[in-house]
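Protein chains in written order, with the numbering used here: chain A, 86 to 176; chain B, 11 to 348. The beta-carbon is built from N, C-alpha and C at its ideal position, and this holds for glycine as well. Fair warning: this is a prediction, and the values are worked out from it, not measured in the lab.
Structure follows, in structure tokens:
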């Protein structure tokens, strides 16, 4: 990692992207194996699951996490705008 | 004694401890809209389980993890057969977890009401679905050589639903008794009264469950072969009576005993199956056809012997440190965290 990328605002937004793309690269690069050299992805697929079920769960996850991410960003934005709380007063 | 049997027992113990512990916080979540009358009381219900619920759910992760590592075939069959049902459990647990974390992040009434709905709905759905899932496991899944032949709606058969309602009522009583000791003032008194009323609803359902189990499942076969095992359902009845006759902490411990022994009754009845097949016993997932290699199980036993006692110690310690009841009329700065 270069010195330039670790500094400033850009780095904090780029880092999660890097983690995710590294993960995706590992997953894609391992194909057609699900366990490298031992088990093919096609042999590991669950027999009793339909494509519809997998599609529905993927859509469900996307929607669910999308909503939670929106709520999360809203709270982060609001709290960042507000700044830190003043020190609590002793009762 | 072989390691497969040791891990079957541990598998049962992990599920049992999970239901005993998460039972009261799922119960508290289901009770919140009915038992709390204003914002300070709704907050007190959430705060009473605030420091504990996520620790309790660690036992669910451990139960799932132990199934994966000790009985990989059972894990594969369970999670692909009950895929949609377990996905709904996951969504329910996420909803209530997020609700507990976020309800106090905004002061608005609408914001809090929305999260309280998520808290209630997530708690109720998780309790019901766990019951439905275990009811179906007790009575057997439609498994044969080609795999699983059920559907999400097929799980909602009478015995599955009865077990679901049983779990909901067990957790409601357990949660009400928790709120009776862990909150103060009018809220605590109302919780104690609610526990008594809910207990009256629980008894006929528990009797119906124990009776239906004789017809819908083969669980009692093990009991008739070894009558000493009847101790488990007997202790469940003792716990049930104790949770009504005793009060305070004793009543709460008794409702915990009931949940533990109901779960144990089911799991003892399953032995040596983890997931019996309702089609043909030849396709049941059992200790011998699902267990990992003895070497794996040996390592896991050593790891479990080191870490499980440590987990039990720090969890007991956290309950001791945070033993004080939450008083809705005197909110403390510490409550605001939850």
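- Ranking B/138, B/153, B/30 by CA distance to the CA of residue 87 of chain B puts B/153 first.
- In chain order, 97 make up the part of chain B whose C-beta sits under 7 angstroms from the C-beta of residue 142 of chain A.
- Here the alpha carbon of residue 73 of chain B sits roughly 28 angstroms from the alpha carbon of residue 137 of chain A.
- Contact of residue 127 of chain A with chain B is not assigned, every C-beta pair being separated by 9 angstroms or more.
- Contact check for residue 201 of chain B and residue 139 of chain B: beta-carbon distance about 25 angstroms, past the 8 angstroms limit, so the pair fails to qualify.
- Excluding sequence positions up to five before and after residue 311 of chain B, its CB lies within less than 7 angstroms of the CB of 13, 16, all in the same chain and listed in chain order.
- Your pair residue 203 of chain B and residue 166 of chain B does not check out as a contact, with CB atoms roughly 32 angstroms apart and the cut at 8 angstroms.
- Excluding the 5 residues flanking it on each side, residue 91 of chain B has same chain C-beta neighbours closer than 6 angstroms at 151, 158, in chain order.
- Residues of chain B with a Cβ closer than 8 angstroms to the Cβ of residue 138 of chain A are, in chain order, 93, 94.
- If the five residues before and after residue 289 of chain B are omitted, its C-beta is found closer than 7 angstroms to the C-beta atoms of 152, 153, 154, all from its own chain and listed in chain order.
- For residue 283 of chain B, the pairing in a beta bridge is given by DSSP as B/296.
- In this chain, residue 130 of chain A is not harboured by any beta strand (DSSP E), its DSSP state being neither H nor E.
- Taking C-alpha positions only, residue 186 of chain B is separated from residue 38 of chain B by approximately 6 angstroms.
- For the pair residue 51 of chain B and residue 205 of chain B, the Cα-to-Cα distance works out to about 17 angstroms.
- By the neighbour-count criterion, in which 16 or more other beta carbons inside 10 Å mark a residue as buried, residue 67 of chain B falls on the buried side.
- For residue 108 of chain A, the number of other beta carbons within 10 angstroms of its own is below 16, and it is reported as exposed.
- Boundaries cannot be given for residue 238 of chain B, as no alpha helix (DSSP H) includes it and DSSP labels it neither H nor E.
- Burial check for residue 183 of chain B: the Cβ neighbour count within 10 Å reaches 16 or more, so the residue is buried.
- Listed as beta-bridge partners of residue 118 of chain A by DSSP are A/125.
- Three or more beta-carbon pairs separated by less than 8 angstroms are not found between the region 33-47 of chain B and the region 279-289 of chain B, which leaves the two stretches without contact.
- Contact check for residue 222 of chain B against residue 172 of chain B passes: the beta carbons are separated by less than 9 angstroms.
- When C-beta atoms of the region 242-255 of chain B are compared with those of the region 294-314 of chain B, fewer than three pairs fall below 8 angstroms, so the two segments do not count as touching.
- Annotation: residue 294 of chain B has no Cβ neighbours in chain A at a cutoff of 8 angstroms; minimum Cβ distance is about 16 angstroms.
- By the criterion of a C-beta distance shorter than 8 angstroms, residue 84 of chain B is surrounded in its chain by 77, 284, 285, 295, 300, once the five residues flanking it on both sides are discounted.
- Counting along the chain, residue 325 of chain B sits inside the alpha helix (DSSP H) bounded by residues 304-331.
- DSSP lists B/336 as the beta-bridge partner residues of residue 193 of chain B.
- The C-beta distance from residue 79 of chain B to residue 102 of chain B rounds to 25 angstroms, too long to fall under 8 angstroms, and the pair is not in contact.
- Taking a Cβ-Cβ threshold of 7 angstroms, none of the residues of chain B is close to residue 162 of chain A; the smallest such distance is about 12 angstroms.
- If you check each beta-carbon in the region 159-193 of chain B against every beta-carbon of chain A, none falls closer than 7 angstroms.
- Sorting B/164, B/124, B/133 by C-alpha distance to the C-alpha of residue 59 of chain B places B/133 at the top.
- Per DSSP, reduced to three states, the secondary structure at residue 110 of chain B is helical.
- Taken through DSSP and simplified to helix, strand or coil, residue 154 of chain B comes out as strand.
- Residues of chain B with a Cβ closer than 8 angstroms to the Cβ of residue 120 of chain A do not exist; the shortest Cβ-Cβ separation is about 12 angstroms.
- Within the region 68-80 of chain B, no residue has its Cβ closer than 8 angstroms to any Cβ of chain A.
- Nearest CB-CB separation between residue 156 of chain A and chain B: below the 9 angstroms threshold.
- Excluding five sequence positions before and after residue 192 of chain B, the CB atoms of its chain that fall closer than 7 angstroms to its own CB belong to 58, 335, 336, given in chain order.
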